[in-house]
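**Student:**
Protein chains: 4
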Amino acid sequence: MSFSRESLGSSYLAVRQQSLDICEPLEIEDYLVQPMDDASPPKWHLAHVTWFFETFLLKPFVRGYQVYDDAYEVLFNSYYNGVGEQYPRSKRGLLSRPTLDEVLEYRRHVDEHMLRLIDSDIDQDQQFRIALGLHHEQQHQELLFTDIKYNLGNNPLCPPYRSNGADNNYRQTSQPLNFVEYEGGIFKIGVPTDSISGLNFAFDNESPRHDILVRDFAISDRLITNGEFLEFIEDGGYQRPELWLSDAWSMLKARSDENIPSPLYWFKKDSEWFEYTLDGVERLAMNKPVCHVSGYEAEAFASWKGMRLPTEQEWEVMAGDADVVGNFVDSGALHPEPVSFPDKGVRQVFGDVWEWTQSSYGPYPGFKPFAGALGEYNGKFMANQLVLRGGSCVTPASHIRRTYRNFFYPEDCWQFTGIRLASVD
Amino acid sequence: MSFSRESLGSSYLAVRQQSLDICEPLEIEDYLVQPMDDASPPKWHLAHVTWFFETFLLKPFVRGYQVYDDAYEVLFNSYYNGVGEQYPRSKRGLLSRPTLDEVLEYRRHVDEHMLRLIDSDIDQDQQFRIALGLHHEQQHQELLFTDIKYNLGNNPLCPPYRSNGADNNYRQTSQPLNFVEYEGGIFKIGVPTDSISGLNFAFDNESPRHDILVRDFAISDRLITNGEFLEFIEDGGYQRPELWLSDAWSMLKARSDENIPSPLYWFKKDSEWFEYTLDGVERLAMNKPVCHVSGYEAEAFASWKGMRLPTEQEWEVMAGDADVVGNFVDSGALHPEPVSFPDKGVRQVFGDVWEWTQSSYGPYPGFKPFAGALGEYNGKFMANQLVLRGGSCVTPASHIRRTYRNFFYPEDCWQFTGIRLASVD
Amino acid sequence: MSFSRESLGSSYLAVRQQSLDICEPLEIEDYLVQPMDDASPPKWHLAHVTWFFETFLLKPFVRGYQVYDDAYEVLFNSYYNGVGEQYPRSKRGLLSRPTLDEVLEYRRHVDEHMLRLIDSDIDQDQQFRIALGLHHEQQHQELLFTDIKYNLGNNPLCPPYRSNGADNNYRQTSQPLNFVEYEGGIFKIGVPTDSISGLNFAFDNESPRHDILVRDFAISDRLITNGEFLEFIEDGGYQRPELWLSDAWSMLKARSDENIPSPLYWFKKDSEWFEYTLDGVERLAMNKPVCHVSGYEAEAFASWKGMRLPTEQEWEVMAGDADVVGNFVDSGALHPEPVSFPDKGVRQVFGDVWEWTQSSYGPYPGFKPFAGALGEYNGKFMANQLVLRGGSCVTPASHIRRTYRNFFYPEDCWQFTGIRLASVD
Amino acid sequence: MSFSRESLGSSYLAVRQQSLDICEPLEIEDYLVQPMDDASPPKWHLAHVTWFFETFLLKPFVRGYQVYDDAYEVLFNSYYNGVGEQYPRSKRGLLSRPTLDEVLEYRRHVDEHMLRLIDSDIDQDQQFRIALGLHHEQQHQELLFTDIKYNLGNNPLCPPYRSNGADNNYRQTSQPLNFVEYEGGIFKIGVPTDSISGLNFAFDNESPRHDILVRDFAISDRLITNGEFLEFIEDGGYQRPELWLSDAWSMLKARSDENIPSPLYWFKKDSEWFEYTLDGVERLAMNKPVCHVSGYEAEAFASWKGMRLPTEQEWEVMAGDADVVGNFVDSGALHPEPVSFPDKGVRQVFGDVWEWTQSSYGPYPGFKPFAGALGEYNGKFMANQLVLRGGSCVTPASHIRRTYRNFFYPEDCWQFTGIRLASVD
């Protein structure tokens with residue numbers, strides 16, 4: 000998302016409102032639950048993104064600004080050691096106070112001061128920080144969806160987030176999986192460092208723009224479907240150690256629950272497969288992209304197919320200069336959709352699901368983190384994680400870029416994550 | 000509490016209403032939080048005590064009764080294996096659904112059917128089960144206070160449960176500690192088994208009434224105060240292994256937090272001691288009974304004094320046939336109070352704090368648990384726990400008896416628990 | 000064991016030699032293994048009992064005695080905080096140094112000085128400490144057997160400790176279980192405090208001798224057999240929560256291994272049951288006493304029979320003034336034996352297996368621990384454990400007394416522990 | 000190491016003998032200890048490398064070969080799921096049986112059959128498997144050193160592995176750290192797949208040989224020294240979160256021990272720094288390469304210097320076509336040595352310490368694992384680990400290559416691992 004200086008105030012209001020809109024269907028109780036350490040309570044998300052503006056804009060740049068509440072500086076600091084202490088992440092779900100109403104009041108307070116700041120004479124650095132704050136809030140909007148889904152989807156009552164009554168033509172299978180070939184060579188990926196400035200936004204981890212050398216490769220023209228992943232299960236995929244990385248297999252064997260191994264939110268009942276979605280429990284649709292698989296599951300599936308996951312370099316070459324269009328949160332589906340358009344070439348590149356790559360998340364050559372405490376935003380996570388590309392059905396369309404690098408641990412599966420294959424040469 | 004058959008309906012309504020009254024000061028968010036495995040969410044308590052009436056009265060005795068919600072049978076079963084599966088205890092705080100409103104609706108539904116049942120021709124067994132259900136709800140009323148306190152008292156904002164504006168004359172010290180001597184001999188303790196019937200209530204673990212042989216003993220005439228416990232701390236009590244049981248010392252050494260060891264809810268700030276109470280943070284009152292000590296702390300304190308904890312037999316001999324009066328929940332203090340009345344003899348026997356004894360919780364000779372699944376109420380916990388006696392400032396006065404045996408693990412400290420000493424002969 | 004002053008030197012040598020004799024069949028590697036935290040390596044046992052003599056006799060009473068090795072003071076201190084720091088218990092199996100040879104040299108050094116001290120003019124206190132040291136070493140001799148068995152019995156190769164070639168008439172069932180009735184009344188149990196002095200030995204936890212009040216009771220005339228315990232298993236005993244204490248059932252459900260639940264060292268192969276013994280793997284002998292059951296298993300078995308475990312008071316009344324004879328380590332069987340003699344009355348009272356009681360391990364009224372650091376010997380363990388009585392097939396006959404109180408946690412099962420029942424009245 | 004067909008038998012004998020020579024200074028007890036899960040007992044190493052030859056050569060290729068012991072197939076299988084079950088890794092230190100003598104007998108048995116096989120008419124595949132088995136044993140020779148050091152160095156007695164009486168000129172500081180510049184471009188790294196065949200050995204993870212694109216870079220001309228790392232410590236390096244990756248900082252904060260954070264085997268006593276080496280405890284030598292740092296420590300040190308770790312591609316470009324010479328195990332030092340030769344250009348490229356790179360361990364483009372169960376050798380570990388290059392002072396010189404890729408988790412520090420820096424451009 001790039002903003003114009005003129006409409007920055009209305010952009011600010013729109014992004015801020017969007018967070019509230021996402022939470023609108025929730026009961027008050029839903030705002031508080033932290034169903035696992037990684038899935039923060041919606042109330043905490045709403046406060047934390049507000050803390051971000053207060054900490055990085057209001058405190059340093061508004062003369063005489065009084066901190067709203069000293070305790071909030073600790074409670075709603077996620078991981079910025081450069082700012083100060085943090086309340087333990089695993090205990091966010093224990094904070095019945097401040098209440099939702101008090102958090103909403105905090106938002107109004109900060110919004111009021113932010114709008115005043117935006118209307119004043121702000122420099123390039125301040126403009127950049129506002130753009131960063133808005134992108135930051137958009138990231139948490141995606142997390143609101145994934146964390147709300149994790150809460151409701153693990154509640155024994157399986158309450159839907161919303162009731163859509165969508166017709167689910169679940170038996171329909173997908174068209175054949177084809178591979179599109181790309182010729183190797185030297186390409187440029189990433190964003191030029193000096194282009195990130197003011198309201199022209201990209202994250203530090205996407206730069207510098209640099210040359211890469213890529214071999215010839217072939218990549219699947221669409222995402223892997225539920226039906227294809229079910230074949231993996233039925234072929235004993237979860238029971239065959241030779242298909243799994245060593246760390247993945249150790250984790251699988253240590254799982255004590257008695258459920259049939261499957262992607263998160265799948266379950267089998269009376270020999271039929273079901274999937275919990277934000278619209279509630281549905282029959283598993285065979286032609287929809289498989290979703291909520293971990294990087295380990297993606298990798299094992301690829302092995303079973305005799306293939307591999309693409310590298311992030313290959314992915315960015317594939318994305319080329321195509322338009323960034325797809326099934327984003329803006330479509331309202333809130334779930335990956337079957338391939339629908341009959342075009343040739345790669346499809347579902349953007350939206351639907353984040354695509355696991357085989358690439359470890361690391362610095363681009365010449366990488367420089369943002370200055371100061373904001374430098375903790377991306378750089379310090381460059382260990383043990385994998386890069387995902389393309390955005391998902393709960394990503395705002397205005398948030399994503401071709402060069403955008405998302406990252407999660409290979410065992411994570413509560414995000415809307417899926418699989419695209421590359422062929423082994 | 001013994002009930003009359005005529006007023007059973009109004010007794011039922013009064014006890015049920017009392018649970019709601021206790022929760023009245025809470026925010027909706029407070030109803031959901033489970034700050035540790037042992038401290039269940041208020042919403043869960045409100046539902047569980049309702050489930051108890053539905054399970055043990057409505058289902059077996061009301062012809063054609065339809066279970067309110069099949070899922071509730073699992074969600075709100077605490078530990079009755081004889082009834083069926085249980086939702087994991089440690090995850091009660093993750094149940095944002097059913098909402099509070101839905102739980103209140105469940106209460107209304109069950110109350111309506113219970114009142115109809117009470118108005119019908121019920122036999123001795125049914126009467127007894129209703130009495131048990133009401134005592135059960137009173138036990139959970141005490142837990143509501145302890146669990147709400149644990150939640151609010153561990154929230155960094157330290158919100159009070161209510162605002163009392165009480166005057167806290169914190170410097171006043173207590174009168175001297177005296178010991179009252181009792182001659183040994185053969186005594187009877189407990190409740191005759193055949194007297195427990197219909198609305199004449201006692202728990203199975205209080206019977207049979209039986210002879211005990213007790214040696215001469217001397218017991219302190221009042222509870223140990225905060226001031227006296229502070230002397231223990233200042234004498235290095237928490238750093239001296241010779242004062243502690245081996246299991247207690249292992250636990251102390253394994254604690255990783257950096258706070259000064261002290262009773263739960265105490266903290267030191269700028270060289271002054273404070274205590275979180277249900278009225279908020281207060282200066283530590285030296286003449287009030289020490290509260291929220293574990294059995295291990297009680298035992299170490301006694302060792303430091305060159306004394307010991309009384310046995311439960313000695314305690315019941317001491318309680319003799321005195322009236323069951325004291326600082327119970329009915330006084331509204333919600334905190335232990337200093338000794339105020341100038342009588343001779345033992346004081347603070349009932350109310351203020353549960354008194355740790357050195358007695359392991361076990362069966363009285365000839366013990367028989369209640370029949371069927373209700374037999375799980377007390378008997379299966381007769382391992383690894385200690386007996387506490389006398390009730391506390393959050394116990395309903397109508398709930399307690401001289402023969403009443405409460406039980407907790409020696410490491411537990413979130414109940415209103417305190418210390419009375421016996422001398423070593 | 001009481002010693003005479005004249006033969007104290009030879010008693011010392013005999014007890015010390017016995018420890019070495021027990022280890023004689025071991026390979027050097029066996030001396031080092033710690034197969035679980037509770038089961039210390041034989042080498043550590045050999046060093047620790049030596050440290051005991053050095054610490055409590057040589058250091059305080061031998062003028063000019065130089066400590067053998069400063070590091071040993073920490074390495075071989077078990078749990079005496081009054082003496083100083085301790086090497087972590089769970090890491091004893093990591094001490095490849097000092098080597099076995101070095102530990103044996105340490106033993107020789109201490110023995111030499113101890114014999115010189117014994118030959119000198121020692122007072123009552125010193126005599127008592129020597130007697131204590133020898134009883135202490137006898138306790139570790141029993142642990143040598145249990146810990147060696149735990150190591151070898153959990154090794155996939157199942158090596159025998161020795162090869163006895165014993166004929167195992169495994170199908171023979173036992174005679175019927177009868178109950179012997181005892182009339183209640185006031186009895187005396189325990190050892191007079193002032194009789195513990197010099198070489199007249201008993202532990203502090205056995206005193207004072209005091210009156211107890213016991214109701215009429217009936218107790219089984221022999222131990223429960225493997226055959227009887229097998230009926231419990233085949234009746235689904237391990238799958239029925241109503242038979243188990245709550246803490247026991249939680250533990251059972253948390254066990255992740257896939258073996259059929261059974262007493263330690265039992266396993267089923269091709270529909271036949273086997274048992275690992277110190278003579279190697281044998282067919283499970285139906286008429287031998289069941290062994291290596293935890294207190295929880297003993298209690299569940301009793302519940303299944305509609306009975307209970309005896310109290311330690313009842314046990315001591317039962318033991319009466321019978322001679323202390325039975326299947327001790329001196330018989331060489333190293334395993335419990337079937338009831339063989341046709342006498343009337345209770346049998347197998349001493350030896351074969353330690354008998355679980357329902358009594359929590361606590362202080363007798365008026366209990367005073369030994370003075371100084373030796374006071375840590377027994378008193379600090381008076382929490383969360385149960386009393387066991389009677390000695391086992393690996394207890395030295397000279398070690399045990401009618402008043403002897405052993406204690407273990409209810410979940411422990413690696414000792415030679417078994418079951419005697421009392422009837423519920 | 001490449002072997003000739005003629006001398007394969009004597010090469011086999013030499014490598015096998017080398018394993019025994021490494022263990023020669025050990026006491027029997029030392030062969031058994033597993034001081035942490037990752038550090039296997041020497042006895043287990045000796046058996047496992049033997050199992051490797053039996054499993055991958057004798058069983059498939061020697062007609063009529065009888066497995067030496069069925070139990071060994073499970074006990075000494077490290078992680079080959081394709082072969083069968085494995086004894087739990089964390090319990091290897093509990094295997095007092097088979098004894099060392101029995102393991103040595105197992106080695107003799109397998110050697111006898113292996114030599115007979117080598118003398119027979121073996122094909123390319125069998126030759127390759129023998130070469131693999133010998134390289135495998137060499138890898139375990141390095142592990143023997145690191146695991147023995149971990150055992151002895153964590154024993155409170157700090158026994159030396161050997162006594163060298165080396166003169167330690169510990170105060171001497173190092174020459175200045177210079178950076179050597181390399182021009183970027185397209186390079187080839189790795190080993191051609193088809194060159195790995197028969198006795199011409201390389202691991203599958205080193206191939207295919209492929210083009211890489213490297214930017215200009217500058218790399219330090221020698222390894223970082225103890226003195227330089229000490230400056231990092233004294234500058235508060237371990238207390239500054241901004242220097243550490245997020246996962247590293249979480250790990251640091253979770254460490255409960257009270258020692259001053261430092262590289263493994265360092266400790267401070269009376270304000271002097273010491274280091275445990277295989278020759279025993281020595282004063283920390285300021286001019287020797289820092290050793291036993293984790294990848295996290297290496298990365299934090301680089302951040303503190305305003306630099307970074309090299310990529311493995313840069314490292315291999317740096318190594319160029321230099322001779323593979325350095326301080327390997329063959330020098331007998333068993334510890335990294337100061338830079339001694341006054342040449343220009345990069346030094347200490349091979350030997351001394353494995354050099355951490357910033358590169359995640361992953362497949363080269365077109366990677367194909369070895370066929371069958373041998374495919375588990377390298378490929379399944381391509382997650383969560385970093386590549387290290389160059390070999391160490393305990394690596395056999397004949398084992399290493401310029402293209403050799405070692406890999407460990409970023410938190411691992413018990414290997415001989417150190418630091419070379421690259422400059423940030």
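Chains as they are written, first to last, in numbering that gives the first Met the number 0: chain V, 0 to 424; chain E, 0 to 424; chain Z, 0 to 424; chain W, 0 to 424. For each residue, glycine too, the CB sits at the ideal point set by N, CA and C.
#1: Assuming PRO262(W) and VAL213(W) are in contact, meaning their beta carbons sit under 8 Å apart, how far apart are those beta carbons, in whole angstroms?
#2: Return helix, strand or coil for GLN414(W), following the three-state DSSP convention.
#3: Which residue from GLY365(E), LEU7(E), ARG161(E) puts its Cα closest to that of ASN193(E)?
#4: Using only alpha-carbon positions, find the residue among GLY389(E), THR49(E), PRO24(E), THR416(E) that is nearest to LEU103(E).
#5: Name the DSSP beta bridge partners of GLY184(V), please?
#6: Based on the DSSP secondary-structure assignment, which residues constitute the bridge partners of THR402(V)?
#7: Kindly indicate which residue of ILE195(E), SER330(E), PHE349(E), ARG161(E) has the alpha-carbon position closest to the one of ASP278(E).
#8: Do ARG208(V) and the ligand MN come close, with the Cβ less than 8 Å from some heavy atom?
#9: Grouping DSSP H, G and I as helix and E and B as strand, with all else coil, what is VAL348(W)?
#10: To the nearest angstrom, report how far apart GLN384(V) and ARG346(V) are at their CA atoms.
#11: When the distance is taken between beta carbons, is GLY81(E) closer than 9 Å to VAL73(E)?
#12: Which residues in chain V have a C-beta closer than 7 Å to the C-beta of PRO364(W)? List them in chain order.
#13: Which whole-angstrom value is the C-beta distance of PRO309(W) and GLN357(W), which I expect to be below 8 Å?
#14: How is LYS304(Z) classed by DSSP in three states: helix, strand or coil?
#15: Nearest-angstrom Cα distance between LYS148(Z) and VAL32(Z)?
#16: Listing by chain order, which chain W residues have their CB less than 8 Å from the CB of ASP29(Z)?
#17: Evaluate ILE185(Z) with the Cβ neighbour count: other Cβ atoms within 10 Å of its Cβ, from every protein chain shown; 16 or more gives buried, anything less gives exposed.
#18: Would you be able to state if there are at least three C-beta pairs under 8 Å between the stretch 189-205 of chain E and the stretch 368-384 of chain E?
#19: Whole angstroms is fine: what's the gap from ALA382(E)'s alpha carbon to TYR363(E)'s?
#20: Pull up the distance between the alpha-carbon of ALA446(V) and that of ARG106(V), whole angstroms please.
#21: Return the chain-ordered ranges of every beta strand (DSSP E) run that is complete within the stretch 351-397 of chain Z and spans a minimum of 3 residues.
#22: Measuring only between beta-carbons, confirm whether ASP193(W) sits less than 9 Å from chain V.
#23: Would PHE327(Z) and ILE223(Z) qualify as a contact pair, given that the criterion is a beta-carbon distance under 9 Å?
#24: Using the C-alpha atoms, what's the distance from ILE232(Z) back to GLY350(Z)?
#25: Can you tell me whether THR54(W) is helix, strand or coil according to DSSP?
#26: For a contact meaning CB atoms closer than 9 Å, what does PHE380(Z) contact in chain E?
#27: Output the distance between the C-alpha atoms of ASP329(E) and SER339(E), rounded to the nearest integer angstrom.
**Tutor:** Walking through what the data contain:
#1: Actually they do not touch by this definition, with Cβ atoms about 30 Å apart.
#2: coil
#3: One detail in the question is off: residue 193(E) reads as Asp in this sequence, not Asn. Comparing Cα-Cα distances from ASP193(E) to each of GLY365(E), LEU7(E), ARG161(E), the minimum goes to GLY365(E).
#4: THR49(E)
#5: VAL213(V)
#6: None, per the DSSP bridge assignment.
#7: ARG161(E)
#8: Within the structure as shown, the ligand MN is missing, as the structure has no ligands at all.
#9: coil
#10: 26 Å
#11: no
#12: ARG214
#13: 7 Å
#14: coil
#15: 11 Å
#16: SER95, ARG96
#17: exposed
#18: yes
#19: 13 Å
#20: Only positions 0 to 424 of chain V appear in this structure, which leaves residue 446(V) out of reach.
#21: 353-359, 385-388
#22: no
#23: no
#24: 25 Å
#25: helix
#26: LEU244, SER245, ASP246
#27: 17 Å
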